[in-house]
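Structure record follows, encoded as structure tokens.
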Amino acid sequence: DQHLSHMKAEKINSKDNLLLEVCLAAQYEGESLVEKHKEFKKTHNDSNIYTIL
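When you number the sequence shown by this note's numbering, it's gap-free, plus one each residue, and the end is 1079.
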């Protein structure tokens, strides 16, 4: 699953598995912010990433 809220409880069978899911979700969210920031900078060149957060 790409988003933590979409995780199915029956798929979490260990702490390691949960940690992996959390890390993958964080990676996905980070990558999506990078893409959103690129689009944002096209029209808001004088702003920074904190504006879109």
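Quick reminder that beta carbons are idealized off the backbone N, C-alpha and C, glycines included.
Computed from a prediction, not measured in an experiment: that's the story for all the values here.
Three-way DSSP call (helix, strand, coil) for residue i in this model
i	result
Ser-1058	helix
Asn-1043	helix
His-1063	helix
His-1032	helix
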